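Under UniProt numbering, the first residue of the sequence shown is numbered 1, with each subsequent residue one higher.
Below is one structure, written out as structure tokens, with a few remarks after it.
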Amino acid sequence: MLRLHHGASALRFARPRPRFGRSARAVTPTKAGLLDSFRNVSKRSQNGAKSATGTTSEVDVAALERAVKLETAPVRQGEKNEANTKRRAVMAGNWKLNPKTAADAKTLAALVGAARRDVDADVDVFVCPPAPFLADVVRVLEGSGVAVGCQNIYWKDSGAFTGEMTAEMAKSVGCTHVLVGHSERRELFGETDEHTRLKTRKAIDCGMTAVLCIGETKTEYEAGQARRVCSRQLEAALEGVQADELSQVIVAYEPVWAIGTGLTATPAIAQSVHAGIRQWFREKYGDGAASKIRIQYGGSVKPETVDELMQAPDVDGCLVGGASLVAEQFGRIFNFDPTPEGPRKLWAEEVVPCGNQLGESPIWSEERQTLYWVDAPAGTLFSWDLKSAPVRTNFGEVLGCVGLRSGGTLILGLESGLHAFDPATKKLKLLSEFEPGLNTRPNDGRVDRFGNFVIGSYNNAHRVDAAPIGGLWRLRAKGQELEEILDYKFRCSNCICFTKSGTTMFFCDTPTRKIYQFDYDPRVGPMNRRLLYELPSSVPGGPDGAQCDDDGNLWAAISGAGKVIRITPEGKVNLEIELPVKQPTSVTIGGPMLDTVFITTRAENGRNDAGSLFACRVDDTRGIPEPEYADSTSLANAETLTPGLTRAEQSAAKSKFCSDCGVAFASKTARFCANCGARRS
Ligand code: PEP
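This is the structure we're talking about:
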């Protein structure tokens, strides 16, 4: 609905203070050597080479491409800050088939012009009225700082083309911009990629700026094709366009499902596609062009959503439909606040499209330069050296967590108990059973800073019966007794991690949404519980896995809210990492410089990047090298997993009966016959 406010005095902005350039932060230096190694591995893999570890894991070229991005992503984030001075924000209003009369158009234009004069914002603004109003609107907006664009042009210069308007005609009345490839033109008027190319070419040749609209439909979005569709549309529309002509191109990413529907892509979803679009420009035109091209977001942008959208490092402006018809709203949009109150924001990038059902327990080994994580229900362990494709090992039963263990081995929280595992020999040995007889399974686990393994449990039925039956346990390195170390039970243990000194432990029973800290004594365990942080009621979901950094901050994945938060020792959130997926599940800090936050996620309907591993380099943070579980149990006589067979398949293949005396073994994991004492083969 068109609402006109008469007179500039009617313009009241929710945020009256003028806005200047965005604040600059230091650019994180890159490590070219690391990038090169990623690139080399990527090339190798594309040539069909096996993974460096020589395991049965498939080489996942896409994962390697993502790994390259791990190197470049922080540069882009830094670039954005640096580019705040380079990439000026650009806000556009698409009036579509509005307003009704030339008089209304002039009034709306006058109000927009007044709003623009009112604010000293470092932003380009233009509006795109219907063709009959162009000349009037240009006159009204003269000297206001608001430019005028048209909504369409034809690519011919003259001739029998009834109903069309040439670029020259639009330019001759003062138009500087033209929308091309808008989804409504594509959908309702049958415009093709080829038409979009011809119009883009014509706009450039005529000295105008082409606002090239691209974006995926709802079906394409749900199939996870957003980036692919955008790349295809860019490829077609910009065929033949040279790098030095890109100053006459603005890209408008408009997910079709968000146009005029009231649905706005979250800033993290927009950021993830914008980063992909910028990557396309990088690959096609090089770094310089990519860092300069301006990319607008369009789709139900409102005064309430603009500030957060504009914080995303690759969102350079907005193309606004409905809200541009209300001068007050459009004014608030182009007077956006680039540094709104609240924690600093960063955006994670998908680095391994591993399709986890429930990724969990990421842990970085400083010594092995390897990241481990699990897909819990699938019972799969992932080991990734950040170069080759991740190596997958399947255990055929729920695998709740993984911790480091001495001698290059690991400790695993499998449903059948806590096991030592050697990835090199595939030897697996039971160290302790875990809550036998209860409908629970191992969940979060971490090695404490004294070499013991602390692990919490998960009531498999907690969503139905909400019964607090799980316990927090510690497997001592010496003697290997499993002792219960918390004096209360809970439903779903999470957040277990330790500060650098090891004398503070964090813990959360997820459904309570409260994260506690405890004094931690290597002999006694956690004591003196204090509330560190409670998730505000405005935030959905609950705290999931967490990790501590070198400064004593706690990094917690907030599953359901699509973010990881950094909580200071005083309980304040001072940084948020946004993800395009809703359910991050756990977090750790690793990488060669211990400055990269790795985030596991859970699968969701309608997003094929849900379940991927995400990463975000953080310039002001260092992780703490993770300790190892320090028992001395030998794996020499342990069972060996046969590559290609899950553990369940191997157990099934094993006889239930003693080959010496024929009597059944006492349990699935019994190593000796209780009847005759023979070792199980
Ligand atoms: C548009 O038409 O380009 C647009 C983004 O519309 P709206 O803001 O109304 O969704």
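Beta carbons: idealized from backbone N, C-alpha and C, even for Gly.
Only a predicted model underlies this, so the values are computations on that prediction, with no experimental measurement involved.
Note to self: Whole angstroms are fine: how far does the CA of residue 480 sit from the CA of residue 636?
What the structure shows: In the sequence shown, the residue the question calls residue 636 occupies position 636. In the sequence shown, the residue the question calls residue 480 occupies position 480. Spanning the two alpha carbons is a distance of roughly 18 Å.
Check: From the DSSP output, which residues share a beta bridge with residue 347?
Finding: Counted from its first residue, the sequence shown places residue 347 at position 347. Residue 347 is bridged to 578.
Next item on the list: Sort out for me which residues DSSP pairs residue 447 with in a bridge.
Entry: Taking the sequence shown and counting its residues from 1, one reaches residue 447 at position 447. DSSP, once it has assigned bridges, lists 453 as partnering residue 447.
Notebook entry, point to check: Does the Cβ of residue 589 lie closer than 6 Å to at least one heavy atom of the ligand PEP?
Noted result: If you number the sequence shown from 1, residue 589 lands on position 589. It does not: the Cβ of residue 589 is nowhere closer than 6 Å to a heavy atom of the ligand PEP.
Item checked: Those residues which DSSP pairs with residue 425 across a bridge -> In the sequence shown, residue 425 corresponds to position 425, counting from 1. According to DSSP, which records beta bridges pairwise, residue 425 is partnered with nothing at all.
Note to self: Using the Cβ count rule (16 or more neighbours within 10 Å means buried), how would you classify residue 310?
What the structure shows: Locating residue 310 in the sequence shown gives position 310, where the first residue counts as 1. Under this definition residue 310 is a buried residue.
Notebook entry, point to check: residue 520: buried (16+ other C-beta within 10 angstroms of its C-beta) or exposed?
Noted result: What you label residue 520 is simply residue 520 of the sequence shown in a count that begins at 1. Label assigned to residue 520: buried.
Checklist line | Whole-angstrom distance between residue 214 and residue 525, CA atom to CA atom | finding: Taking the first residue of the sequence shown as 1, we reach residue 525 at position 525. Taking the first residue of the sequence shown as 1, we reach residue 214 at position 214. Rounded to the nearest angstrom, the two C-alpha atoms are 56 Å apart.
Next item on the list: Please determine, among 144, 444, 246, the residue with the shortest C-alpha to C-alpha distance to residue 286.
Entry: In the sequence shown, residue 286 corresponds to position 286, counting from 1. Nearest C-alpha to residue 286: 246.
Note to self: For a test of the three-state rule: what should DSSP assign to residue 488, helix, strand or coil?
What the structure shows: Sequence index remark: in the sequence shown, residue 488 carries index 488 (1-based). Here residue 488 sits in coil by DSSP.
Next item on the list: Check whether the Cβ atoms of residue 705 and residue 153 sit closer than 7 Å, and answer yes or no.
Entry: Because residue 705 is not part of the residues shown, which for the chain are 1 to 681, the question remains open.
Check: What separation, rounded to the nearest whole angstrom, lies between the Cα atoms of residue 56 and residue 622?
Finding: For the purposes of this step, residue 56 is taken as the residue at position 56 of the sequence shown. For the purposes of this step, residue 622 is taken as the residue at position 622 of the sequence shown. Residue confidence for residue 56 is low, a pLDDT of 31 falling below 50, so the modelled location carries little weight; the figure read from the coordinates is stated next. Roughly 34 Å separates the two Cα atoms.
Notebook entry, point to check: Just to confirm, does residue 260 get its C-beta within under 6 Å of one of the non-hydrogen atoms of the ligand PEP?
Noted result: To locate residue 260, count along the sequence shown from 1; it is residue 260. Because some heavy atom of the ligand PEP lies under 6 Å away, the Cβ of residue 260 counts as near it: yes.
Next item on the list: Identify, in the order they occur along the chain, each residue of the same chain with its Cβ nearer than 8 Å to the Cβ of residue 663, setting aside the five sequence neighbours on each side.
Entry: Counted from its first residue, the sequence shown places residue 663 at position 663. Within the same chain, residue 663 has close Cβ partners 657, 673, 674, 675, 676.
Next item on the list: Quick one: grab the DSSP three-state call for residue 512.
Entry: Counted from its first residue, the sequence shown places residue 512 at position 512. If DSSP states are grouped into helix, strand and coil, residue 512 belongs with the helices.
Next item on the list: For the beta strand (DSSP E) containing residue 563, list its first residue and its last residue.
Entry: Taking the first residue of the sequence shown as 1, we reach residue 563 at position 563. Residue 563 -> beta strand (DSSP E) spans 563 to 567.
Notebook entry, point to check: If we ignore side chains and look at the alpha-carbon of each, how far apart do residue 93 and residue 579 end up?
Noted result: The count along the sequence shown starts at 1 and reaches residue 93 at position 93. The count along the sequence shown starts at 1 and reaches residue 579 at position 579. Cα to Cα, residue 93 sits roughly 28 Å from residue 579.
Check: Would the beta-carbon of residue 309 be found less than 6 Å away from any heavy atom of the ligand PEP?
Finding: Against the sequence shown, residue 309 aligns to sequence position 309. The answer is no for residue 309.
Item checked: Runs of beta strand (DSSP E) wholly within the stretch 249 to 278 (minimum 3 residues, chain order) -> 249 to 253
Check: Three or more beta-carbon pairs under 8 Å between the stretch 333 to 352 and the stretch 134 to 141, yes or no?
Finding: no
Margin query: Taking the alpha-carbon of residue 461 as reference, which of 403, 382, 511 has the nearest alpha-carbon?
Written below: Here residue 461 refers to the residue found at position 461 of the sequence shown. For the residues 403, 382, 511, the minimum Cα distance to residue 461 belongs to 511.
Next item on the list: Measure the CB-CB distance between residue 496 and residue 560 and report whether it falls below 7 Å.
Entry: Here residue 496 corresponds to residue number 496 of the sequence shown, with the count starting at 1. Here residue 560 corresponds to residue number 560 of the sequence shown, with the count starting at 1. The answer is no: Cβ separation not under 7 Å.
Next item on the list: Measure the C-alpha to C-alpha separation of residue 165 and residue 282 and round it to an integer number of angstroms.
Entry: The residue you call residue 165 lines up with position 165 of the sequence shown. The residue you call residue 282 lines up with position 282 of the sequence shown. Rounded to whole angstroms, residue 165 to residue 282 spans 34 Å at the Cα level.
Next item on the list: In the DSSP assignment, find the alpha helix (DSSP H) that holds residue 200 and state where it starts and stops.
Entry: Residue mapping note: residue 200 aligns to position 200 of the sequence shown, counting from 1. Counting along the chain, the alpha helix (DSSP H) containing residue 200 begins and ends at 193 to 205.
Note to self: Let me make sure I understand the geometry here. Which of 425, 628, 280, 314 has the alpha-carbon closest to that of residue 270?
What the structure shows: Taking the first residue of the sequence shown as 1, we reach residue 270 at position 270. Considering only alpha carbons, the answer is 314.
Item checked: Contact check, residue 442 vs residue 403, beta carbons under 7 Å -> As a first step, residue 442 is located in the sequence shown; it is residue number 442 there, counting from the start. As a first step, residue 403 is located in the sequence shown; it is residue number 403 there, counting from the start. Not closer than 7 Å, so no.
Notebook entry, point to check: Among 265, 507, 162, which one has its Cα closest to the Cα of residue 445?
Noted result: Here residue 445 is taken as the residue at index 445 of the sequence shown, counted from 1. The residue with the shortest Cα to Cα distance from residue 445 is 507.
Notebook entry, point to check: Straight-line CA distance for residue 145 to residue 113?
Noted result: Mapped onto the sequence shown, residue 145 falls at position 145. Mapped onto the sequence shown, residue 113 falls at position 113. Each residue's Cα considered, the two are about 7 Å apart.
Margin query: Below 6 Å, is the gap between the Cβ of residue 152 and the nearest heavy atom of the ligand PEP?
Written below: Within the sequence shown, numbered from 1, the residue matching residue 152 stands at position 152. No, since every heavy atom of the ligand PEP falls outside the 6 Å radius drawn around the Cβ of residue 152.
Next item on the list: Please indicate yes or no: does the CB of residue 149 lie closer than 6 Å to some heavy atom of the ligand PEP?
Entry: Locating residue 149 in the sequence shown gives position 149, counting from the first residue. No, since every heavy atom of the ligand PEP falls outside the 6 Å radius drawn around the Cβ of residue 149.
Notebook entry, point to check: Could you give the C-beta distance for residue 539 and residue 564, rounded to a whole number, given that I count them as a contact under 8 Å?
Noted result: Here residue 539 is taken as the residue at index 539 of the sequence shown, counted from 1. Here residue 564 is taken as the residue at index 564 of the sequence shown, counted from 1. The pair is not a contact, with the Cβ atoms about 13 Å apart (cut-off 8 Å).
Check: Can you find a C-beta in chain C that's less than 7 Å from the C-beta of residue 204?
Finding: Among the chains in the structure shown there is no chain C, since it carries only a single protein chain.
Notebook entry, point to check: What is the DSSP secondary structure of residue 332, counted as helix, strand or coil?
Noted result: Indexing the sequence shown from 1 puts residue 332 at position 332. The answer is helix: DSSP assigns residue 332 an H, G or I state.
Check: Excluding sequence positions up to five away, which residues of its chain have a Cβ less than 7 Å from the Cβ of residue 183?
Finding: In the sequence shown, counting from the first residue as 1, residue 183 sits at position 183. Answer for residue 183: 213, 215, 254, 256, 259, listed in chain order.
Margin query: Taking the alpha carbon of residue 305 as the reference point, which residue from 274, 337, 289 has its own alpha carbon closest?
Written below: In the sequence shown, residue 305 corresponds to position 305, counting from 1. Considering only alpha carbons, the answer is 337.
Next item on the list: Using three-state DSSP, classify residue 477 as helix, strand or coil.
Entry: Along the sequence shown, one-based indexing puts residue 477 at 477. Residue state, collapsed to three classes: coil.
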